[in-house]
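First up is the structure itself, then whatever we jot down about it.
Protein chains: 2
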Amino acid sequence: MPMILAANANAQGSHVGEWRHPDAWERPACNLGNAVRLARIAEAGKFDLLFLADGNGVRNLDKLDLFAATSPSDRPGVFEPVTLLSALAMVTEHIGLVATTTTTYDEPFAVARRFASLDHLSKGRAGWNLVTTSNPGDALNFSHEAHVPRDERYERAAEFAQVVKGLWDSWADDAFPQDKASGRFLDPSRAHALNHQGRHFQVAGPLNAPRPPQGHPVIFSAGQSEIGKELSAATADCVFAIEGTIDNARRLYADLKSRLPRYGRTADSLKVLSGVTIFVGETAAEADALFQELEDLVSPAVGLDYLSKMVGARMADYPLDGQMPAFAEEHVGPTGIGRAIIAMAVAEKLTVRQTYKRILPQMAGNLFKGSAMQVADVMEEWFTTQACDGFMIAAPVVPTGLERFIHLVVPELQRRGLFRLDYEGRTLRENLGLARPENRFSPSVAE
Amino acid sequence: MPMILAANANAQGSHVGEWRHPDAWERPACNLGNAVRLARIAEAGKFDLLFLADGNGVRNLDKLDLFAATSPSDRPGVFEPVTLLSALAMVTEHIGLVATTTTTYDEPFAVARRFASLDHLSKGRAGWNLVTTSNPGDALNFSHEAHVPRDERYERAAEFAQVVKGLWDSWADDAFPQDKASGRFLDPSRAHALNHQGRHFQVAGPLNAPRPPQGHPVIFSAGQSEIGKELSAATADCVFAIEGTIDNARRLYADLKSRLPRYGRTADSLKVLSGVTIFVGETAAEADALFQELEDLVSPAVGLDYLSKMVGARMADYPLDGQMPAFAEEHVGPTGIGRAIIAMAVAEKLTVRQTYKRILPQMAGNLFKGSAMQVADVMEEWFTTQACDGFMIAAPVVPTGLERFIHLVVPELQRRGLFRLDYEGRTLRENLGLARPENRFSPSVAE
């Protein structure tokens, strides 16, 4: 299998400062032209898929003045992902289209329908990134008084995904003969009501759409907690992971793959994609220069705000050039990221300013920075030593960063035999090396 | 104002027999190529909009054998409307894109987002057909034990629409300066949280999308009951109506317009579109011939089933060529359509077979049949005598029926000065002659 490459399809980019860079597109909020150009660039680079992160709310409402500059990460002005990818299906032919949708504030019948429809529209290129919504504020947009507790979100998500998959199997692949002569539009014996009765959902089915071209659109998930890893092992085809070191990434990779047999799955049925931010230049110095340019576009207020979110403290209350405080463990969030940041800052005696500058470029994952050879070397090492099956790539600045990656690094990966010269399959699932799921109701499974 | 023309965008057609006709497209279930061709045909004909009806379930599961032939009306294999119209936004430039979404099984934040996104994708051509879902079975796909009662559905719908409109006003039109030099992506003083606290919904906002190009995407509704008419008067920009006679249509038109002042609205702020099925030929005989061809493609079983649904009785229990029974009023459904059918059959002494043959072509509305002159005459009479502001047109067979209408009738309407020669406006709202709503939070409204 070739290395999997996924492109961040947010045309506003992922680095908080990048929209201000001279190379960045003008007026990026809900800009369709940019999205189309980005999709075509990624497809020309033979990327497996475009990926759209998402949330259902505007964060930081209590500090809009600060937030005024931070849009790329907090996304106040974005397309809804499934609508955008439906549009992009019409201007692309090969690249996968992966949209984020929450299981916490949506209905399985509706989600099954939208992704089945996207799969039909794109002729088998749809993917669903299943999230349970981490931002507590989103609850207030869906008539909830407070965020749904984590365990309940994950339990609901697991059942939600099972219902969605069951609905995708509502019809056999040959259920719609559409035969004019006999007047037989569909074959009733090939329809399957789901009649799901669970703790969170009761869904009769069948879905009012033919089975998707891929059988099931490809399911993505993330989350590195125990409950998140278990959901991925039970449910997902691809999992996004961010680990700061190759050793940790290898451990996580082995951990995720080891969970699969319990669900009757083989190791190659779950692909692990590592989130990376790539700065590449003709030379390492050129990559460093761009990195520095972006750093200078982030004001201390924005940097402090980002660091505050990561470590769970009001960092504006501390001297900008004083040493980063060694906060106690109860101070920081549940993700472990905050703890890792503080440990790093203390060990390296970083100031507050140095700390946010260090972490800002890694908002979208690990930092891979250098010449094309250097970047290809580290990608090869991660890929060939089972730290990942591929990468979810943010390459500031959009679009020049991605163009530079495709121009400089992709040919080197191809030369080394690590990445495709052209698309192998007709569907996203085929390009990812994932089998087309049997229909749970088809005779070969049921008998 | 020119006459408004809306095209049924279901490329499977609306007449239950038409998919079997030799002129009908092959393999219509979820066929993107057909949808694209249909959209381009309608746009070449200067239609105001494409309209996609929708439901969230497969009907008639208890009689799939029969249902096997009836797909166009029961829609077991269709695209989800918002995804399809997002795709069609990329292959059209002028025509409006109106998708049906229910308020009973969705969330206002999600609906506001999807239609805002479609409006941005299409540069101001989105419309939302608000329905409360009439099919009881759909409830079973959304973890409900039974259909939500009618009054509660409409009450929820009214509040739902208010929340959606409020969310579309989350940002002033100039809220996103996106100024690279100053680092000011957005202007915090131009953001408005909604903080809606109602009986059915509590929604904080703001929406995570800029204000739609149209301010508010155009809202469509239907329903001719008292509660339905009141919802339209309070909420809609356009209303679909089906009345069997021009006199009844005029009464309904006057009734709907008379309700507007109570909501501070002028008569031209609500457009009434009459549902019609048009059979047109070079001659009246040609139209009759097509009509007969389609009739012959409907089996008695399918015809009886359709009639059964309309009058609320198992019509297979009655002799096919015996006289239509004069069912008592408590026998038929709440819509009045069943009563009208029985009254007509009794008055004209129709057999059961004659009755279903009479009503089948009118599934999508009144039947206008004849030569181009005859069809243009009746359309002119309806339009100029305040029976409607335009028409929602089904023209069997897709696509030839629509092409024939555009080739034969549209030029005659244009010659008479009743219909546009080219699109006047840039947005759907402009083409419909509807004002762009002020932002409820903008100074000009609030002060």
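Chains A and B supply the protein sequences, listed in that same order.
Numbering follows the UniProt record's numbering, with no gaps: position 114 of the first sequence is 114.
Numbering follows the UniProt record's numbering, with no gaps: position 224 of the second sequence is 224.
Glycine is no exception: its CB is placed at the ideal position from the N, C-alpha and C atoms.
I need the straight-line Cα distance from residue i to residue j, nearest angstrom please.
i: E412/A; j: T400/A; result: 18 Å
i: L294/B; j: G17/B; result: 6 Å
i: G124/B; j: N135/A; result: 30 Å
i: T385/B; j: R250/B; result: 8 Å
i: R339/A; j: R440/A; result: 44 Å
i: Y105/B; j: G228/B; result: 18 Å
i: V311/A; j: M344/A; result: 12 Å
i: residue 455/B; j: R259/B; result: The structure shown has nothing for residue 455/B, since chain B only spans 1 to 447.
i: Q224/B; j: L207/A; result: 29 Å
i: T100/A; j: I359/B; result: 45 Å
i: D288/A; j: N366/A; result: 15 Å
i: G13/A; j: A241/B; result: 46 Å
i: T355/B; j: I41/A; result: 59 Å
i: A395/B; j: V409/B; result: 12 Å
i: R199/B; j: A9/A; result: 38 Å
i: P28/A; j: M90/B; result: 19 Å
i: S71/B; j: Y253/B; result: Reliability fails at S71/B, whose pLDDT of 42 lies under 50, so the model's placement of it is uncertain and the value that follows must be treated cautiously. If I take the Cα positions, the gap works out to 32 Å.
i: T283/B; j: A146/B; result: 50 Å
How would you list, in chain order, the residues of chain A whose beta-carbon sits under 8 Å from the beta-carbon of residue i?
i: W19/B; result: Q178, K180, F185
Along chain A, which residues have their Cβ under 9 Å away from the Cβ of residue i?
i: Y105/B; result: E107, F109, A110
Residue i by DSSP, collapsed to three states: which one?
i: K271/A; result: strand
i: V352/B; result: helix
i: I242/B; result: coil
i: I341/A; result: helix
i: M310/A; result: helix
i: M315/A; result: helix
i: F419/B; result: coil
i: D23/B; result: coil
i: V82/B; result: helix
i: I227/A; result: helix
i: T384/A; result: helix
i: F160/A; result: helix
i: A301/A; result: helix
i: D174/A; result: coil
i: A29/A; result: coil
i: S258/B; result: helix
i: V111/A; result: helix
i: L434/B; result: coil
i: K180/A; result: coil
i: M373/B; result: helix
i: V203/A; result: strand
Residues of chain B with a CB under 7 Å from the CB of residue i: which are they?
i: T135/A; result: Looking at the sequence itself, residue 135/A is Asn, so the reference to Thr does not match. Ordered by position in chain B, no residue passes the 7 Å Cβ test against N135/A, which lies about 11 Å from the chain.
i: L61/A; result: A193
i: L118/A; result: T83
Comparing alpha-carbon positions, which option in the options lies nearest residue i?
i: N60/B; options: P188/A, G127/A, P2/A; result: P188/A
i: D268/B; options: V239/B, D151/B, W128/B, N31/B; result: V239/B
i: F279/A; options: R40/A, A435/A, R436/A, H407/A; result: H407/A
i: T266/B; options: A29/B, D23/B, R75/B, L434/B; result: L434/B
i: P437/A; options: R37/A, E243/A, G166/A, P396/A; result: G166/A
i: K309/B; options: D321/B, A284/B, I341/B; result: I341/B
i: N195/A; options: Q178/A, V163/A, E226/A; result: V163/A
i: N129/A; options: E403/A, L97/A, Q362/A, L140/A; result: L97/A
i: L349/A; options: P213/A, D321/A, H216/A; result: What sits at residue 349/A in the sequence shown is Lys, not Leu. Checking every option, the nearest Cα to that of K349/A belongs to D321/A.
i: F142/A; options: N34/B, V397/B, V111/B; result: V111/B
Using a cut-off of 8 Å between C-beta atoms, extract the partners of residue i located in chain B.
i: residue 506/A; result: Because residue 506/A is not part of the residues shown, which for chain A are 1 to 447, the question remains open.
i: P28/A; result: Q178
i: L121/A; result: L32, F79, T83, L84, A87
Kindly list, in the order they appear in chain A, the residues whose Cβ is closer than 7 Å to that of residue i.
i: A204/B; result: L140, N141
i: R114/B; result: E80, T83
List the residues of chain B whose Cβ lies closer than 9 Å to the Cβ of residue i, in chain order.
i: V58/A; result: S170, A191, A193, G205, P206, L207, N208
i: S14/A; result: By Cβ distance, chain B contributes nothing, its closest Cβ being about 15 Å from S14/A, past 9 Å.
State yes or no: is the C-beta of residue i nearer than 8 Å to some heavy atom of the ligand ZN?
i: H144/B; result: In the structure shown, the ligand ZN is absent, as is every other ligand, since no ligand is present at all.
**OP:** With 9 Å as the limit, tell me which residues of the region 387-400 of chain B have their beta carbon closer than that to any beta carbon of chain A; keep them in chain order.
**Re:** Nothing from the region 387-400 of chain B brings a Cβ to less than 9 Å from some Cβ of chain A.
**OP:** Give the residues from the region 291-307 of chain A that approach chain B closer than 7 Å (Cβ to any Cβ), ordered along the chain.
**Re:** Of all residues in the region 291-307 of chain A, the ones placed with a Cβ closer than 7 Å to any Cβ belonging to chain B are S299, in chain order.
Original post:
If you measure beta-carbon to beta-carbon, which residues of the region 72-103 of chain A are closer than 9 Å to chain B?
Top reply: P72, D74, R75, P76, G77, V78, F79, E80, P81, V82, T83, L84, L85, S86, A87, L88, A89, M90, V91: these are the residues of the region 72-103 of chain A whose beta carbon lies less than 9 Å from some beta carbon of chain B, given in chain order.
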